[in-house]
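K.L.:
One structure is given below, represented as structure tokens, and several questions about it will come after.
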Amino acid sequence: MNTLSINQLSLVYKNDIRALDNISLRIDNGMFGLLGPNGAGKSSLMKTIAGLQKPTKGDITFNDTSVVKHPAFIKKQLGFLPQDFGVYPKISAYDLLQHLAVLKGIIHPDERKRQILALLEKVNLAAFKDKEVHTFSGGMKQRFGVAQALLGKPAVIIVDEPTAGLDPEERNRFNTLLSEISEDVIVILSTHLVEDVRNLCSQMAVINKGKLVATGKPSEMVVALNGKIWSKQIDKKSLPEYEGTYPVICKQLIEKSLHITVFGTEPPEGFLPVIPTLEHVYFQKLKNIE
Ligand SMILES: Nc1ncnc2c1ncn2[C@@H]1O[C@H](COP(=O)(O)OP(=O)(O)O)[C@@H](O)[C@H]1O
Ligand SMILES: [Mg+2]
């Protein structure tokens with residue numbers, strides 16, 4: 001069993017932006033979803049966990065060893081697919097993995113070759129191993145990114161917004177791949193897509209403006225909203241009035257008419273009950289509606 005423990009973590013950048021504000025979280029084996037809008041602090045948190053930058057305050061421990069004091073300890077056991085992987089060079093997938101495997105300390109050539117071929121197979125790129133990575137499609141690049149993250153059999157895998165820019169089919173294939181690898185390791189997936197978390201993650205956290213606003217099991221968090229979500233079709237013109245009266249969780253245009261969803265422990269006049277979804281949980285927590 002692996003445990004990553006984040007304790008009262010804060011990160012203030014040089015320009016005085018507080019990207020992380022007193023975050024505490026515990027992450028065990030399985031797939032963990034980190035949800036938040038753009039600018040919430042997801043990438044900042046992931047880079048700090050990966051030991052690429054030091055927090056201003058607080059600590060992160062991996063299996064009881066401080067990542068802040070001993071970044072090399074987690075780096076050896078970590079695979080990272082950053083949000084901006086950078087340029088994909090004009091070399092083949094095999095050669096790039098070869099290069100990255102050496103950097104990761106997989107020194108034995110036979111073992112290296114075996115691992116690279118097995119990983120290319122796993123991410124469904126074996127047929128393209130001699131193709132230059134810069135010519136890959138978005139989905140292929142992301143699957144290549146997973147292959148490089150899995151080099152050295154890491155215990156923690158961090159993937160930062162991996163499905164952004166993928167078409168639905170590529171996104172599906174990528175998500176299936178992620179769920180296959182998460183059995184005996186920690187996989188942290190950051191995303192602003194609620195659907196990915198709902199489909200893949202057994203635990204999740206929502207962060208906003210650097211603060212942790214919710215954490216738990218997606219299914220339990222949805223159940224907790226039973227009987228508290230209501231919907232009504234309204235005239236667009238009366239939206240400000242409704243927003244002034246009710247805690248509006250989301251607004252949706254369905255075939256040109258506006259549907260609003262509100263939170264309430266009692267049924268509001270004229271509204272119909274709605275079966276809660278993780279999307280409702282997300283917006284309720286983001287907007288801090290209780
Ligand atoms: N290197 C940096 N220097 C200064 N500010 C940064 C840096 N990286 C991110 N930020 C700021 O920190 C906040 C959180 O950013 P980020 O962690 O990238 O959020 P997310 O990944 O959730 O979109 C944003 O306000 C962003 O502009
Ligand atoms: Mg980011």
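Residue numbers (the UniProt record's numbering): 1 to 290. Heads up, the beta-carbon is just placed ideally off N, CA and C, and yes, glycines get one too. In this text, all values refer to a predicted model and were calculated from it rather than measured experimentally.
1. Going by Cα to Cα distance, which pick from H192, T191 and S182 is closest to S202?
2. Which term fits D196, buried or exposed, when burial requires 16 or more other beta carbons within 10 angstroms of its beta carbon?
3. How would you label S190, buried or exposed, when you count the other beta carbons within 10 angstroms and need 16 or more for buried?
4. Rounded to whole angstroms, what's the CA-CA distance from S219 to L34? Just pull it up for me.
5. Beta carbon of I17: closer than 6 Å to some heavy atom of ligand 1?
6. From the DSSP output, which residues share a beta bridge with Q252?
7. Rank V133, Q115 and A164 by C-alpha distance to the C-alpha of L151 and give the top, closest one.
8. Beta-carbon separation of E258 and K237 under 7 Å?
9. Per DSSP, which residues does S222 bridge with? Please list them.
10. Can you tell me whether M204 is buried or exposed, with buried defined as 16 or more other CB within 10 angstroms of its CB?
11. Answer yes or no: the CB of Q8 versus the heavy atoms of ligand 2, is any distance below 6 Å?
12. Can you tell me whether K42 sits near ligand 2, meaning its C-beta is under 6 Å from at least one heavy atom of the ligand?
P.N.:
Reading off the structure:
1. Residue numbering aside, residue 202 sits at position 202 when the sequence shown is read from its first letter. Checking every option, the nearest Cα to that of S202 belongs to S182.
2. Against the sequence shown, residue 196 aligns to sequence position 196. By the Cβ-count criterion, D196 is buried, with 16 or more other Cβ atoms from all chains shown falling within 10 Å of its own Cβ.
3. For the purposes of this step, residue 190 is taken as the residue at position 190 of the sequence shown. Buried, by the Cβ-count rule.
4. Taking the sequence shown and counting its residues from 1, one reaches residue 219 at position 219. Taking the sequence shown and counting its residues from 1, one reaches residue 34 at position 34. L34 has its alpha-carbon roughly 15 Å from the corresponding atom of S219.
5. The count along the sequence shown starts at 1 and reaches residue 17 at position 17. Yes, ligand 1 has a heavy atom inside 6 Å of this Cβ.
6. Start at 1 with the first residue of the sequence shown, and residue 252 comes out as number 252. Among the bridge pairs identified by DSSP, Q252 is matched with H259.
7. Sequence index remark: in the sequence shown, residue 151 carries index 151 (1-based). Out of V133, Q115 and A164, Q115 has the C-alpha closest to the C-alpha of L151.
8. Counted from its first residue, the sequence shown places residue 258 at position 258. Counted from its first residue, the sequence shown places residue 237 at position 237. At residue 258 the sequence reads Leu, which differs from the Glu that was named. Cβ distance not < 7 Å, so L258 and K237 don't count as in contact.
9. For the purposes of this step, residue 222 is taken as residue 222 along the sequence shown, with counting starting at 1. Reading the sequence as shown, one finds Val at residue 222 and not Ser. When beta bridges are read from the DSSP output, V222 appears opposite no residue.
10. Counting from 1 along the sequence shown, the entry for residue 204 is found at position 204. M204 is buried by the Cβ-count criterion.
11. Counting from 1 along the sequence shown, the entry for residue 8 is found at position 8. Distances taken from the Cβ of Q8 to the heavy atoms of ligand 2 include none shorter than 6 Å.
12. As a first step, residue 42 is located in the sequence shown; it is residue number 42 there, counting from the start. Yes, the beta carbon of K42 sits closer than 6 Å to at least one heavy atom of ligand 2.
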